[in-house]
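Protein chains in written order, with this note's numbering: chain A, 1 to 298; chain B, 299 to 596.
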């Protein structure tokens with residue numbers, strides 16, 4: 001099912017109740033919207049999908065629900081990160097058994113980890129998890145900083161198929177993407193996250209956009225992605241510029257908190273983020289809804 | 299059982315096997331050593347006690363083992379941190395039922411948390427956990443940075459009895475301790491961790507030393523603590539200066555990895571840290587053992 005990871009990978013929230021039980025109806029509605037828009041893959045249980053806050057059992061349930069809903073129409077990448085190596089292996093095995101096409105593995109840390117510890121962690125999960133792996137580089141949540149050399153070293157492990165890296169600032173996009181591409185074997189995709197910076201990273205040669213906005217507004221984000229893929233950088237930049245007010249909100253309040261507010265506002269699901277994360281204050285929500293009304297989002 | 303938290307609080311490792319099952323014999327041996335030395339309290343399941351890597355069931359087991367071993371001779375502070383607020387409440391309730399005297403609550407994060415989210419988290423756990431709380435400020439592991447104002451705000455919640463803060467650099471000890479003391483009500487203890495910087499923080503008025511070295515060498519750390527308590531700063535500084543080679547190792551390789559190597563070397567238990575954390579390389583272990591042989595540690 002999984003060919004090379006490229007294009008738009010949409011990362012939805014995982015609606016759940018106050019006890020951490022996944023809202024099946026809400027999740028199906030979010031996923032169906034992504035499948036109808038024909039995104040290139042879905043990043044289930046990413047950071048935005050609150051994988052770190054859900055039990056093993058609920059994570060397995062979410063994958064099962066997604067596999068049923070999508071019925072093979074869209075590849076499913078699943079967050080399998082955990083603090084313990086043995087737990088990440090079990091989560092990879094669970095995800096595979098439930099129908100995942102690849103695992104998103106972030107080096108979640110409490111005790112700060114060394115490069116060698118992170119390498120061994122990926123080696124163990126790639127070897128024993130039975131699932132193709134995407135290196136999930138997200139220093140704002142894991143607090144681990146990958147060097148391009150370490151990404152390259154891990155990318156050479158059998159079973160590693162892609163890397164999801166923070167998009168460089170636009171002015172550094174060409175150099176940043178070139179450095180990563182030079183570090184990573186040609187058959188391993190290098191894609192980017194951090195929606196506000198991704199368009200330039202795609203234009204600079206990034207293979208995929210791992211997108212929070214894409215989890216809610218897949219058609220809007222696909223338009224940018226397809227413009228880049230068609231070689232029309234000017235069109236991609238123009239479409240991206242229209243979204244600048246959304247990117248400002250993401251940077252100010254975190255993309256996760258903003259898309260929770262919007263999913264509720266759009267009537268897609270009524271979920272709140274898992275505590276201790278709080279819903280945004282009413283005045284911030286009002287600002288978000290007013291801003292989004294002025295944008296062409298779909 | 300718990301009076302005001304002061305003096306030496308010793309933080310041992312929690313020996314466990316590769317599957318994360320606590321080694322009862324090893325833990326009892328470590329705890330008996332601390333009780334015999336008459337430390338002022340024990341910090342069970344702190345960061346060094348790998349609470350973040352152990353299941354709820356094993357954390358409950360560790361508290362039960364500790365309460366049995368100590369039989370009320372030494373107050374037990376127990377790490378109850380978790381990513382989810384409801385889980386931290388359950389862990390506080392478990393710890394209380396198993397015999398803990400207080401809970402150590404760190405604002406463990408994945409999605410970066412706001413001040414208000416951390417405040418509400420502490421409020422919920424203090425209110426529903428049923429256990430006196432120690433604010434556990436450890437930005438190197440939680441990646442949350444407390445301001446003195448936020449510590450002061452949380453310290454005013456009913457049930458909060460102490461704060462465990464990173465000790466300032468020695469040259470900033472007086473100002474740093476004074477700032478915290480001014481922020482926190484008089485009946486709430488302010489103590490410090492980061493062994494290499496604590497002596498000056500105690501001399502500057504810190505009430506307690508939350509100590510990794512103290513979990514393995516309680517008599518050595520008690521000698522420093524008692525010298526400060528007796529008003530003999532010169533003696534405390536002289537004893538602390540003798541430990542400089544140990545502090546250098548802690549800073550270079552992390553105190554957690556060093557005390558795992560030493561607990562094994564001293565024959566106290568055979569545990570390795572939970573993967574992905576790796577045992578230190580043989581050449582580093584050899585350097586540690588050679589250094590420790592030159593020090594008076596007990």
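A virtual CB, placed ideally from N, CA and C, is assigned to each residue, including glycine. Just so it is clear, the structure is predicted and the values come from calculations on it, not from any experiment.
In chain order, 333 place their CB closer than 8 Å to the CB of residue 371 of chain B, counting only its own chain and leaving out the 5 sequence neighbours on each side. Taken in chain order, the complete alpha helix (DSSP H) segments of 4 residues or longer contained in the stretch 437 to 519 of chain B are 437 to 440, 446 to 453, 471 to 481, 493 to 501. In summary, the residues of the stretch 573 to 590 of chain B whose CB is separated from some CB of chain A by less than 7 Å are 573, 574, 575, 576, in the order they occur in the chain.
Counting along the chain, residue 374 of chain B sits inside the beta strand (DSSP E) bounded by residues 374 to 377. With a cutoff of 8 Å on beta-carbon distance, residue 192 of chain A and residue 201 of chain A are scored as near each other. Contacts with chain B (Cβ-Cβ distance below 9 Å) from the stretch 240 to 273 of chain A involve 254, 256, 257, 273, listed in chain order. Taking C-beta atoms as the reference points, residue 406 of chain B and residue 450 of chain B fail to come closer than 8 Å. Taking 8 Å as the CB threshold, residue 56 of chain A stays off the interface with chain B. Here residue 136 of chain A carries a strand assignment [DSSP, helix/strand/coil]. Around the beta carbon of residue 579 of chain B, a 10 Å sphere encloses fewer than 16 other beta carbons of the protein chains shown; the residue is thus reported as exposed. In the three-state reduction of the DSSP assignment, residue 308 of chain B falls in the strand class, which pools E and B. In its chain, beyond the 5 residues on either side, 196 have a beta carbon closer than 8 Å to the beta carbon of residue 251 of chain A.
In this structure, the alpha-carbon of residue 50 of chain A lies about 25 Å from that of residue 392 of chain B. Selection A:150, A:96, A:133, A:97 evaluated against residue 114 of chain A yields A:150 as nearest (Cα-Cα). Nearest to residue 225 of chain A by C-alpha distance, out of A:198, A:142, A:247, is A:198. Between residue 208 of chain A and residue 5 of chain A, the C-beta spacing is below 8 Å.
Its chain contains 515, 517, 518 as the residues whose beta carbon lies nearer than 7 Å to that of residue 596 of chain B, once the 5 sequence neighbours on both sides are disregarded; these appear in chain order. Not a single C-beta of chain B is nearer than 8 Å to the C-beta of residue 35 of chain A. Membership of residue 72 of chain A in any beta strand (DSSP E) is not indicated, and neither H nor E is assigned to it by DSSP. Residues of the stretch 317 to 333 of chain B with a C-beta atom less than 9 Å from some C-beta of chain A are 317, 318, listed in chain order. Residue 89 of chain A carries a helical assignment under DSSP once its states are collapsed to helix, strand and coil.
With fewer than 16 other beta carbons inside 10 angstroms of its own, residue 294 of chain A counts as exposed. The CB of residue 313 of chain B never comes closer than 8 Å to any CB in chain A; the least such distance is about 16 Å. For residue 34 of chain A, the uninterrupted alpha helix (DSSP H) run begins and ends at 24 to 37, by DSSP. Looking at the DSSP output, residue 340 of chain B bridges to B:308, B:374. With respect to residue 458 of chain B, residue 431 of chain B sits close: the two C-beta atoms are nearer than 8 Å.
Residue contact check for residue 469 of chain B against chain A: no CB pair falls below 8 Å. When secondary structure is reduced to three states using DSSP, residue 314 of chain B falls in the strand class. Using a CB distance below 8 Å, the part of the stretch 114 to 132 of chain A facing chain B consists of 114, 116, 117, 118, 120, 121, 124, ordered along the chain.
Using beta-carbon distances, residue 83 of chain A counts as an interface residue toward chain B, with a partner under 8 Å.
No residue range can be given for residue 398 of chain B, since it is assigned to no alpha helix (DSSP H) and is classified by DSSP as neither H nor E. Around the beta-carbon of residue 323 of chain B, fewer than 16 other beta-carbon atoms lie within 10 Å, marking it exposed. Here residue 104 of chain A is bridged, per DSSP, to A:79, A:134. Just so you know, the alpha carbons of residue 422 of chain B and residue 439 of chain B end up roughly 22 Å apart.
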